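Colleague:
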Amino acid sequence: MTNSKLVVLVSFLMLNVYIQAQQSATYTNDLVAYQKALTLYNNKQYQAAQSAFDQIKDETQDEQVESNCAYYIANCAVRLNQQNADDLIQDFVDTYPTSTKRNTAFLDVADYYFDNAKYAYARKWYEKVDENSIARSERDRFNFNYGYALYSTDNETSAQKYLNRVVNSEEYGSQAKYYIGFMAYEGDDYDTANEYFDQVSDEEKYKEKLSYYQADLNFKLGNFEKAISLAKEQLPNSDDNEVSELSKIIGESYFNLEQYTEAIPYLQAYKGKRGKWNNTDYYQLGYAYYKQNDFEKAISEFNKIIGGNNSVAQNAYYHLGESYINLDKKQEALNAFRNASQMDFDLKIQEDAWLNYAKISYEIGNPYQSVPQVLTGYLNKYPDTGYKEEIETLLIDSYITSKNYEEALKLLEGKRSFENRVAYQKVAFYRGIEVYNTINYNEARALFEKSIDEAKDPKFTARATFWKAETDYHLTNYNDALVGLKRFQQSAESATTPEIENIDYNLAYTYFKLKNYSKASEHFQKFINTNSDDKLRVNDAYLRLGDGYFVSTDYNNAIGSYNKAIEINEIESDYPYFQKAMSYGYVGQASKKIEELEAFINGYPKSSLRDDAMYELANSYVKANNTSKAMQMYDRLNAEYKNSVFISKSLLRQGLSYYNENDNERALAKFKQVARDYPNSEEAVQAVSTARLIYIDLGRVDEYASWVKTLDYIDVTDAELDNTTYLAAEKQYLDNNVQKAVKQFNNYLNEFPNGMHALKSHFYLAELYTKQDLPENARPHYEYVVAKPRGEYTEQAIVKLSETYLNTSNWNKAVPLLKRLETEADYPQNITYAQSNLMNAYYQLENYQEAVAYAERVLENSKIDNKVKSDAQIIIARSAIKTGDEAKAKLAYAKVESIATGALAAEALYYNAYFKHKEGNYQSSNTTVQKLAKDYSSYKYYSAKGLVIMAKNFYALKDAFQATYILESVIKNFAEFDDVVSEAQDELNKIKAEEAKTNSSIQSEN
C-alpha cells in the first residue's frame, strides 16, 4: 500500500469515528430531553410536556423518538382538551402506521375520556382499538369500560356483550352484574334484573342503591308484600325524591293487596313525576277512598281525571258516578256514567254505566239527548238486558214527561205495540198544542188529526177533537169547527177534560162567526151562568151577547147585556157604552141616544170610538132637526180627527145637509172636497152624484162636465159597465168562490184601473190572496189601499201589509206602517199589535232605546195577555243585555220567567242561571240549568248555552271532570251553534291549561 493510500484510509477511519461519536452524543442528548419531557407528562404537566415533545420532535433525527413525541403531543392535546386533539391522534396513527403505540394511543385516549365521564368520546376511540392486541392484564378493564360506554350511549345490546365478559372478574364483576341487572330492569325484564341484583345485593356499595330498584322490581313482579318490606326499610335512608317514589311503591302495593286503609297515607305522600300526578295516580287514591265509603274525598280525586281514554279512566268515571249517586248528586252522576258508557275497555262496566245513565236521564232529564233517545239507545245496544221491561215502561212515560214532543214523535213513528201507540196519541196531541201556541194552525190541525185517528185513549181522542175544532175556527172553517165542538161535547169523556169548562164559550163564538146569533146568545148565556168566577171571559161574553142581540135588532136585551159588561169592567167599557148609546137610537129613544153619546165623548177622551161617537151624534142632531149643533159636531170631528175614517162621511153629510137646506154653494164646496180628498171612495161617488143634481138644478151642466173631467176615477159613460163588472166579481167573493172571484176582480181592475170600485176590488183581491197563503200576490193590492186616503179598509190593509213585511224581516218598511197604525187604529187590539211589533222591529234594527220605549208602552196596557207581556219583557231584557245594563236585564228576565212559555221561558231560565253564576251562586245556578235541561230540552240553543254555564259553575266548585266533560259534550253535540261551541272551546282550553300544571296526563291546548 502506498503512503498516499494509507493516509487516505487513516483519514477516512478517523472521520468515521468522529461522525459516530458525534451521532452518539446527539442521541444521548435526545434521550435526556425525551426523558425530561416524559417526566413532565407523567407528572400531568401536559402543557410543558407537549412543548418539550414538540421541540424534540422537530430536532430529533431518530424516527422512533419522533414517533413517540408525536404520540405524546397528541395525548397531551387530549388531556388539555385542545380542539385539534382528535385530529392529532389520527395524524399520529396515519403518519406512523407501524408504531407500537398505535393501539395504545386508541386505548389510552379512550380510557382518558372514560375516566372523565365523556362516554360518547370514549366509545368512539374504544371502537378503533384492536382487541387482539390488548395485553391480557388490560382486557377486563377494556371490556368493562367499553361495555359501560356503550350502556351510557344507549347501545344496551352491545353493552351486555362486553359486560358479560367480565361478570366473573374479581375487579369488575360486581359492577358488570349491577349494570346488566339495571339494563334488564329498564327493559322490563324483571326476572333477569332480580337475578343479577340478588348477586350483588350483599355488597355494601350497592345495597343502598338497590333497595329502591328491588322494591320496585318486586312490585312489578307482583310480590307486593316483599315490595312493601323493602321499600319501608329504605325510607329512613332516602331523600325527599326517593321517599316520594318509595311511598308510591308502598301505597300501590297495598292498593293491589286491597288494603285500602293502609294504602291511603302512602298514596297521598307521593309527589308525582316532576311534581305532577297522572290520571292513574288520582284513580288509585280516589278508589281507595271509594272503598272506604268516603265519597266526598273519592270524588275530589276522581274528578281530577280529565280527558282519560283507557281502562283506568273508564273505571274511574264509573266509580265517580257511583260516588255521586251516594251523595245524591244526580246531575254530576249523569255525566260520569255517560262518559263510562262511551268507553268499551270493560264491557261489563260499560253496560252498567249505560243502565245508570239511562235511569238518571229519566229521573232528572238529559241536556244532550232527549230522554226517549237515551232509553231507546240502551234497549238497542242491550236487547237481551234483564232490565228490558223496566226500561220500556220508563220509555213510554218519558215520551210524555220529557215534553220533547217533536223528538218523541220521530222516535215513535213505526212502533206498533199498543203501549207505543197510546204514547203516540198523547205525544201527537201535546205536540199539536205546542204548534197551536205558535199560531201554526195548519200543522197543529194535522197533529190533532193524528191523535184522533190513533183513538187508543178516549180522553185524548176527545181533547184532540176539541183542539182540532179550535184550529178550524182560527182557519175560518167555522162549519168544521162547529161540527168538531159538538162532537167533543157529545163524547162520554168530555166531562173529565179541562176543555169542557169553556165549551159554551167556544160554541157561542163559532155560532157568532156563522151569524147564527140566537144560538150564539144561547151559549154565551150558558157560559155566563156557569162561570161567574171567570170575570174576564164573562165580561167578553156579555159584550158578544150584546152584539148578538144588537145585530138581531133585539136592542133592549142588547142594552141590558152592554150594561152588564160595563158593570164588570174587566175589559175597557168604551165599546159597550157606545153600543148601548146606539141601541137607544134604534128603540126610538133619540134623546137618550144623544144624551149617552154626549156623555161618551166627554167620558172617554182617549177611546178609539170617540170619532165614531161624534159622527153618530152629529147624525142624531140632523135627525132631531138641530142642524146648527150637527154642523158644529161635524166640524169638531173634522178638526180633532183629521185621519178618521169618518171624515169623508162627515163632509158628505154636511154637504147633504146644506143641499137639503138649498144652500147649494156650500153643499157643492163640501161635495167637491170629498171628491178631491177621498177619490175612489163610496162617499166620493155619492158626492159626485149629488153634485150632478145640484148642477142640473142650477142649469150649470157644462160646469159639472168640466169639473168631472178632472176626476180620473169617474167615467160617466162607463159607470153602468163599471158597476156591472164589479158586482159580478163581488158575487163570487160573497159566495166564497175564491178562484172565480180572483179572476173577476183582476178583470175588473184591468178594465177599470181607476174605477169607482177600484179601492174595494184591490182590498178584496188582497184578502183572497192572503187566504190562499200568497202574501207576495196580496202585497201590491194592500199597498194600493194603504196609499189611498183613509177609508173603511185602510186599517185592515195596514195590519195585513205590515204583517207581510214583518214575516219577511223587512223591518224598515214595517216600521212606518206600524207607526201609522198606532196613531190611526180604531180597534184597541190593532194598537197593541202595532206597538208590540214596533218594539220587535226596533230591536231587530238595533235601535234598543226605541225598542224598550215601545215595550214599556205595551206593558202600560193592563189588559194584554201573558204572551204579549212576556214578549215585551224579553225585548227589554235583550236590549239591556245588548247595552250592558245587566241589572235591568235581570229584572226583566225574572218577569219573563214568571209568565212565559216555550222558547222565551227557556231563554229566561238561561239568564237566571247566568246571573246566579255571576253572583257566585254556583249550586243554585246549576239547579236552574237542570230545570232548563229537563223542561225545555227541545230548545237546544239555550240548553247548550246553559251547559256552558254549568261547566263554569262546576269548575268554580273545584270539579274539573264535570267542567271539562260538559264542555267537550257541548262541542261534540251542538256543532250547529258556532258561538256556543266557540265559547265552550275557549273555556275548555283555559281549564286544561290550568289543570295540566298538576296532572301530567292532560294535554293542554294552549
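Going by the working numbering, the first residue of the sequence shown is number 146, and it counts up by one from there.
Glycine included, each C-beta is placed from N, C-alpha and C at the ideal position.
Computed from a predicted model, the values in this text were never measured in an experiment.
Using alpha carbons as the reference points, say which of T855, K737, Y786 lies closest to M759.
Modeller: The sequence position of residue 759 within the sequence shown is 614, counting from 1. Measuring from the Cα of M759, the nearest candidate turns out to be Y786.
Colleague: Evaluate G629 with the Cβ neighbour count: other Cβ atoms within 10 Å of its Cβ, from every protein chain shown; 16 or more gives buried, anything less gives exposed.
Modeller: Within the sequence shown, numbered from 1, the residue matching residue 629 stands at position 484. That one is buried.
Colleague: Could you check if F1119 is buried or exposed, using at least 16 other CB atoms within 10 Å of its CB as the buried criterion?
Modeller: In the sequence shown, counting from the first residue as 1, residue 1119 sits at position 974. Counting Cβ neighbours within 10 Å, F1119 comes out buried, since at least 16 surround it.
Colleague: Terminal residues of the continuous alpha helix (DSSP H) containing N1144?
Modeller: The residue given as residue 1144 occupies position 999 in the sequence shown. Per DSSP, N1144 belongs to no alpha helix (DSSP H) and is neither H nor E.
Colleague: Since S1083 and N549 should fall inside the 8 Å C-beta cutoff, what is the C-beta to C-beta distance between them, to a whole number of angstroms?
Modeller: The residue labelled residue 1083 in the question sits at position 938 within the sequence shown. The residue labelled residue 549 in the question sits at position 404 within the sequence shown. The pair is a contact, with the Cβ atoms about 5 Å apart (cut-off 8 Å).
Colleague: In its own chain, which residues sit with a C-beta less than 7 Å from the C-beta of E589, not counting the 5 before and 5 after it?
Modeller: As a working note, residue 589 is residue 444 in the sequence shown. Residue identity differs from the one stated: residue 589 is Ala in this sequence, not Glu. Around A589: G577, V580, Y581, T616.
Colleague: Excluding five sequence neighbours on each side, which residues of the same chain lie with their C-beta closer than 6 Å to the C-beta of S834?
Modeller: One-based indexing of the sequence shown puts residue 834 at position 689. Within the same chain, S834 has no close Cβ partners at all.
Colleague: When you compare the CB positions of S706 and L688, do they come within less than 9 Å of one another, or not?
Modeller: Within the sequence shown, numbered from 1, the residue matching residue 706 stands at position 561. Within the sequence shown, numbered from 1, the residue matching residue 688 stands at position 543. Contact: yes.
Colleague: Please name the residue in P643, H619, D649 whose C-alpha comes closest to that of K631.
Modeller: Here residue 631 is taken as the residue at index 486 of the sequence shown, counted from 1. Considering only alpha carbons, the answer is D649.
Colleague: May I ask which residues mark the beginning and end of the alpha helix (DSSP H) holding I841?
Modeller: Working through the sequence shown from its first residue, we reach residue 841 at position 696. It spans 827–843 - the alpha helix (DSSP H) in which I841 sits, taken as one unbroken run.
Colleague: Name the DSSP bridge partner or partners of W422?
Modeller: Locating residue 422 in the sequence shown gives position 277, where the first residue counts as 1. W422 pairs with N1144.
Colleague: Let me make sure I understand the geometry here. Which of L910, F574, L894, K738 has the alpha-carbon closest to that of N881?
Modeller: Against the sequence shown, residue 881 aligns to sequence position 736. For the residues L910, F574, L894, K738, the minimum Cα distance to N881 belongs to L910.
Colleague: Between the alpha carbons of E638 and S596, how many angstroms are there, rounded?
Modeller: For the purposes of this step, residue 638 is taken as the residue at position 493 of the sequence shown. For the purposes of this step, residue 596 is taken as the residue at position 451 of the sequence shown. Spanning the two alpha carbons is a distance of roughly 15 Å.
Colleague: Taking the alpha carbon of T642 as the point to measure from, which residue in T655, K604, E667, K658 has its own alpha carbon closest?
Modeller: Position 497 of the sequence shown, counted from the start, is the residue given in the question as residue 642. The option with the nearest alpha carbon to T642 is K604.
Colleague: Taking 8 Å as the threshold, find out whether the segment 893–906 comes into contact with the segment 915–925 through three or more Cβ pairs.
Modeller: Judged by Cβ distances under 8 Å, the segment 893–906 makes no contact with the segment 915–925, as fewer than three pairs qualify.
Colleague: Take every Cβ of the segment 278–295, pair it with every Cβ of the segment 238–246, and state whether three or more of those distances are shorter than 8 Å.
Modeller: The segment 278–295 is not in contact with the segment 238–246.
Colleague: Considering only the alpha carbon of each residue, which of E1001, R1023, R965 lies closest to K1014?
Modeller: One-based indexing of the sequence shown puts residue 1014 at position 869. The option with the nearest alpha carbon to K1014 is E1001.
Colleague: Could you round the C-beta distance between K1137 and I451 to whole angstroms and report it? I think they count as a contact, below 8 Å.
Modeller: Against the sequence shown, residue 1137 aligns to sequence position 992. Against the sequence shown, residue 451 aligns to sequence position 306. Yes, K1137 and I451 are in contact; Cβ-Cβ is about 7 Å, under 8 Å.
Colleague: Using a Cβ-based criterion (distance less than 8 Å to any ligand heavy atom), does K393 qualify as near the ligand FMN?
Modeller: Ligands in the displayed structure: none, and consequently the ligand FMN is not present.
Colleague: Is the separation between the beta-carbon of P824 and that of D780 shorter than 9 Å?
Modeller: Position 679 of the sequence shown holds residue 824. Position 635 of the sequence shown holds residue 780. No. Outside cutoff.
Colleague: Going by other Cβ atoms of all chains shown within 10 Å of its Cβ, with 16 needed for buried, is N448 buried or exposed?
Modeller: The residue you call residue 448 lines up with position 303 of the sequence shown. Buried: at least 16 other Cβ atoms inside 10 Å.
Colleague: Taking C-alpha atoms, which residue in T621, F400, A376, Y399 lies nearest to S389?
Modeller: On the sequence shown, position 244 is the one that residue 389 refers to. Closest option to S389, Cα to Cα, is A376.
Colleague: Where do the N-terminal and C-terminal ends of the alpha helix (DSSP H) with D260 fall, by residue?
Modeller: Within the sequence shown, numbered from 1, the residue matching residue 260 stands at position 115. Unbroken alpha helix (DSSP H) run through D260: 247–260.
Colleague: Would you kindly work out how many angstroms separate the C-alpha atoms of L308 and I444, rounded to a whole number?
Modeller: Sequence index remark: in the sequence shown, residue 308 carries index 163 (1-based). Sequence index remark: in the sequence shown, residue 444 carries index 299 (1-based). In a straight line, the C-alpha of L308 is about 51 Å away from that of I444.
Colleague: Does the beta-carbon of P898 have 16 or more other beta-carbons within 10 angstroms, so that it is buried, or is it exposed?
Modeller: On the sequence shown, residue 898 is found 753 positions in, with the first residue counted as 1. It counts as exposed.
Colleague: Start and end of the alpha helix (DSSP H) containing Q1018?
Modeller: Position 873 of the sequence shown, counted from the first residue, corresponds to residue 1018. Unbroken alpha helix (DSSP H) run through Q1018: 1011–1027.
Colleague: Skipping 5 residues on each side, what residues in its chain have a beta carbon closer than 8 Å to that of Y186?
Modeller: Along the sequence shown, read from residue 1 onward, the residue named residue 186 stands at position 41. Result list for Y186: A194, F198, Y217, N220, C221, in chain order.
Colleague: Would you mind listing the alpha helix (DSSP H) stretches within the segment 360–448 that are 4+ residues and don't spill past its ends, in chain order?
Modeller: DSSP runs (the alpha helix (DSSP H)) wholly in the segment 360–448: 369–379, 385–401, 405–414, 424–436, 440–447.
Colleague: Helix or strand or just coil, what does DSSP make of A996?
Modeller: On the sequence shown, residue 996 is found 851 positions in, with the first residue counted as 1. The answer is helix: DSSP assigns A996 an H, G or I state.
Colleague: Tell me whether I1057 is buried or exposed, calling it buried when 16 or more other Cβ atoms sit within 10 Å of its Cβ.
Modeller: By one-based count along the sequence shown, residue 1057 stands at place 912. It is Asn, not Ile, that sits at residue 1057 in the sequence shown. Label assigned to N1057: buried.
Colleague: Is K393 near D426, with beta carbons less than 9 Å apart?
Modeller: One-based indexing of the sequence shown puts residue 393 at position 248. One-based indexing of the sequence shown puts residue 426 at position 281. For K393 and D426, yes; Cβs fall inside 9 Å.
Colleague: Flag this pair as yes or no: are the beta carbons of Y513 and S1070 separated by less than 9 Å?
Modeller: Locating residue 513 in the sequence shown gives position 368, where the first residue counts as 1. Locating residue 1070 in the sequence shown gives position 925, where the first residue counts as 1. Cβ distance not < 9 Å, so Y513 and S1070 don't count as in contact.
Colleague: Within 8 Å, do at least three Cβ pairs link the segment 1084–1091 to the segment 518–525?
Modeller: Taking 8 Å as the limit for Cβ pairs, the verdict is that the segment 1084–1091 does not touch the segment 518–525.
Colleague: State buried or exposed for P94, treating a residue as buried only when at least 16 other CB atoms are found within 10 Å of its CB.
Modeller: This structure does not reach residue 94, given that the chain is present from 146 up to 1151, and the question cannot be answered.
Colleague: Could you give the distance in angstroms between the alpha-carbon of T171 and the alpha-carbon of M328?
Modeller: Looking up residue 171 in the sequence shown gives position 26. Looking up residue 328 in the sequence shown gives position 183. With a pLDDT of 47 at T171, under the threshold of 50, the modelled position of this residue cannot be trusted, and the question is left open.
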